[in-house]
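To keep things clear, I will list the structure first and then write my remarks on it.
In my numbering, the protein residues as written are 1 to 95.
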């Protein structure tokens, strides 16, 4: 499973920003070239999924995708709109 986090800030002009990891850990550098969709732009407060890369400058996010919550409805023990309850993951990426 990819790490998830929230965009702290992103400067479109410079093409860089920071992602705050969900839970704990240091902030992660985000670069426009690693973002999928919407012209390499991220918005403050946006939830994202990413791969972690350690390079000479420290941790950075790669393969960044916007995350969305998946609505699941359970009727008579059957889960609709997502994976089964045993595999439930509240995060999915949006292509």
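Glycine included, C-beta positions come from ideal geometry on N, C-alpha and C.
Candidates the options, of which the one nearest residue i by Cα
i          : options           : result
residue 15 : 27, 52, 21 and 40 : 40
residue 28 : 49, 43 and 59     : 59
residue 25 : 36, 5, 12 and 56  : 5
residue 35 : 45, 23 and 50     : 50
Separation of residue j from residue i, as counted between CA atoms
i          : j          : result
residue 21 : residue 57 : 18 Å
residue 47 : residue 55 : 23 Å
residue 52 : residue 43 : 19 Å
residue 67 : residue 13 : 23 Å
residue 9  : residue 3  : 18 Å
residue 32 : residue 18 : 11 Å
residue 7  : residue 62 : 14 Å
residue 45 : residue 11 : 13 Å
residue 37 : residue 64 : 9 Å
residue 23 : residue 30 : 18 Å
Residue i: first and last residue of the uninterrupted beta strand (DSSP E) it sits in
i          : result
residue 47 : 47-55
For residue i: DSSP bridge partner residues
i          : result
residue 18 : 9 and 29
residue 61 : 52
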